[in-house]
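To keep things clear, I will list the structure first and then write my remarks on it.
Numbering (full-length UniProt numbering), first residue to last: 1 to 498.
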């Protein structure tokens, strides 16, 4: 991640672009330890939208291409004019109506089946729900994962100076009952910071057109719902029962919302990661095939969501066209920032590769994500006693040229050395899940299961597990041919520190 190219005179009234954060209960430990009772609906709605949406996908692709052209510097679009649906409408009216026509053509083919099922209740802690929601958000989009950590941006409120710094997407879980209310920043597990106002303009490096904070929020919600519809109820607001330590059961609602935090340049010093060199991939055919599949999947997900959740008859033509343009804008934002074709075929820093591969790996499954961070486990290694500690799935990015041999830990970004011992293949492992000790399993069998899961879930990771040819450049030196490979292993850190 590179530092912003220029520094802008700081806005004097920084607070003018910030809204006061809602102050939750001061007892954050009690909030994290609150028990939630979730009740599944007694019905499930199934739609065939995914099977009949191809004509709408094609029309949406043409609309997205037009919006992408309008985002180019040579389009003549004013840098002060945000790409809102209203501002875009006159420029994309023909393509938008093509999406409308395609939608009307497939509506007679749409079916929705309602399946009755037994009502089921289950329990979990706020802390555990927070981890799961964060995983859904992070895996839905590489851009969202980046934003939750913070990325360079400049901001401006109407007709004021631009200010550079770091913009962070804040995932907030809000709870409200008759007796209490609180909100929690799921990334930091702290009180949510002051949020940037909805009307503030935001511009990211490499983009010619600014966004309003509100348009960014809506685009990201579209992306999130298209990629992970499991969070739809959380965003709308879930009816739950809460049991906070020291209190009685209370009926209320839990809601996932998104705010933005802006940190000026002066407060961001030392944030950006070390760069280990530039990388170019040589297997362009394989990467381009993955890119085409990835791009089509984005259109398919977005259009399926549009057909399932937006009724043309109910909302009317004007509102439907506005939603369609918003969806297409979200696709463009997603593709520009995430498309493997744009991001992978050109020279990229090794740090950027590490970050993107980590995103793909965390998206494989929730258990893989938790293991990357470390989970509690009991381990018995040959010629040793049972030990309790932290078991971690270690993903190592290995880069080899004639002059360089480098190993990077995907999760930490640190250089990994041969002296760091991995768990022995014949060690016995007992994972601890929800405070329940699982059946013992051989370390070799466990890592084999993870290799198989990763290979079958992500074509890109499969390519890197097998190894891919590259060229590596340090500073201004010549490009050197080499090989980049992803390796998975298990590491155990005993609580005794031995």
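Cβ coordinates follow ideal geometry from the N, Cα and C atoms, glycine included.
### Collapsed DSSP secondary structure at residue 442 in the structure displayed
Residue state, collapsed to three classes: strand.
### Query
Smallest Cα separation from residue 148: which of 128, 489, 169?
Taking only the C-alpha atoms, the option nearest residue 148 is 169.
### Message
I believe residue 375 touches residue 387 by the beta-carbon criterion, under 8 Å. Please report the beta-carbon distance rounded to the nearest angstrom.
### Response
Their Cβ separation, rounded to whole angstroms, is 15 Å, which puts residue 375 and residue 387 out of contact at 8 Å.
### For residue 401, the nearest candidate out of 483, 453, 224, 326 (CA to CA)
In terms of Cα proximity to residue 401, the closest of 483, 453, 224, 326 is 483.
### Task
Assign residue 383 to one of two classes, buried (16 or more other C-beta atoms within 10 Å of its C-beta) or exposed (fewer than that).
Label assigned to residue 383: exposed.
### Query
When the distance is taken between beta carbons, is residue 213 closer than 8 Å to residue 194?
No Cβ-Cβ contact shorter than 8 Å links residue 194 with residue 213.
#### Entry: DSSP-derived helix/strand/coil call for residue 416
Three-state result, residue 416: coil.
### Query
Does the beta-carbon of residue 311 have 16 or more other beta-carbons within 10 angstroms, so that it is buried, or is it exposed?
With fewer than 16 other Cβ atoms from the protein chains shown falling within 10 Å of its own Cβ, residue 311 counts as exposed.
#### Entry: First and last residue of the uninterrupted alpha helix (DSSP H) at residue 139
Run containing residue 139: 126-140, per the alpha helix (DSSP H) assignment.
### Query
At which residue ranges does the segment 54-103 contain complete alpha helix (DSSP H) runs of 4 or more residues, listed in the order of the chain?
Every alpha helix (DSSP H) of 4 residues or more that sits fully in the segment 54-103 is shown, in chain order, as 54-70.
### Sheet register partners of residue 467 (DSSP bridge)
None; residue 467 has no bridge partner.
### Message
Suppose you measure from the CA of residue 440 to the CA of residue 373; what does that come to, to the nearest Å?
### Response
Going from the Cα of residue 440 to the Cα of residue 373 covers about 21 Å.
### Query
Within the present structure, is the beta-carbon of residue 308 separated from the nearest heavy atom of the ligand COA by less than 7 Å?
Annotation note on the ligand COA: not contained in the displayed structure, which lists no ligands.
### Continuous beta strand (DSSP E) stretch holding residue 182: start and end
Counted as a single uninterrupted DSSP element, the beta strand (DSSP E) harbouring residue 182 occupies residues 181-185.
### Query
When you compare each of 91, 331, 350 to residue 222 by their alpha carbons, which one comes out closest?
That would be 331, whose Cα lies nearest to the Cα of residue 222.
### Query
Shortest alpha-carbon distance to residue 228 belongs to which of 319, 144, 481, 58?
Closest in C-alpha terms to residue 228, from the list 319, 144, 481, 58, comes 144.
### Query
Is DSSP giving residue 159 helix, strand or coil here?
Correct three-state label for residue 159: coil.
#### Entry: Run of the alpha helix (DSSP H) containing residue 218, from where it starts to where it stops
Run containing residue 218: 213-227, per the alpha helix (DSSP H) assignment.
### Contacts around residue 315, its chain only, beta-carbon distance under 8 Å, and the 5 residues preceding and following it disregarded
The answer, listed in chain order, is 323.
### Query
Between the segment 487-496 and the segment 391-407, are three or more C-beta pairs nearer than 8 Å?
The segment 487-496 is in contact with the segment 391-407.
### Query
For residue 174, does the three-state DSSP call read helix, strand or coil?
In the displayed model, residue 174 falls within a strand according to three-state DSSP.
### Message
Please return the same chain residues whose Cβ sits closer than 6 Å to the Cβ of residue 109, not counting the five positions on each side in sequence.
### Response
So the list reads 52, once near-sequence residues are dropped.
### Message
Between which residues of its own chain and residue 486 is the CB-CB distance below 7 Å, once the five residues before and five after are set aside?
### Response
So the list reads 357, 395, 397, 461, 464, 465, once near-sequence residues are dropped.
### Message
Starting from residue 351, trace the beta strand (DSSP E) in both directions and tell me its first and last residue.
### Response
Element bounds for residue 351: not the beta strand (DSSP E) but the alpha helix (DSSP H), 350-362.
#### Entry: Simplified DSSP assignment, three categories, for residue 410
Reduced to three states, the DSSP call for residue 410 is coil.
### Query
Are residue 62 and residue 98 touching if we call contact CB-CB under 8 Å?
Yes, the Cβ-Cβ distance between residue 62 and residue 98 is below 8 Å.
### Query
Cα separation between residue 166 and residue 424?
Between residue 166 and residue 424, the C-alpha separation is close to 42 Å.
### Task
Within its chain, find whatever has a CB closer than 7 Å to the CB of residue 230; leave out the 5 residues flanking it on each side and keep chain order.
Excluding sequence neighbours, residue 230 sits near 136.
### Task
Could you check the C-alpha separation between residue 203 and residue 163 for me, to the nearest Å?
Cα to Cα, the separation comes out at about 10 Å.
### Query
DSSP beta-bridge partners for residue 259?
Answer is 170, bridged to residue 259.
### Task
Have a look at 422, 377, 415, 471 and flag the residue whose alpha-carbon is nearest the alpha-carbon of residue 495.
Of 422, 377, 415, 471, the residue nearest in Cα terms is 377.
### Query
First and last residue of the alpha helix (DSSP H) that includes residue 32?
According to the DSSP assignment, residue 32 belongs to the alpha helix (DSSP H) that extends over 28-32.
### Query
Does the segment 30-39 touch the segment 240-249, meaning 3 or more C-beta pairs lie closer than 8 Å?
Yes: at least three Cβ pairs fall under 8 Å.
### Query
With C-beta atoms as the reference, is residue 201 less than 8 Å away from residue 155?
Contact annotation: residue 201 and residue 155 have beta-carbon atoms nearer than 8 Å.
### Message
Do residue 178 and residue 250 have their beta-carbon atoms positioned less than 8 Å apart in this structure?
### Response
Cβ distance < 8 Å, so residue 250 and residue 178 count as in contact.
### Query
Looking only at DSSP bridge pairs, what is residue 151 linked to?
For residue 151, which the question treats as bridged, DSSP gives the partners 167.
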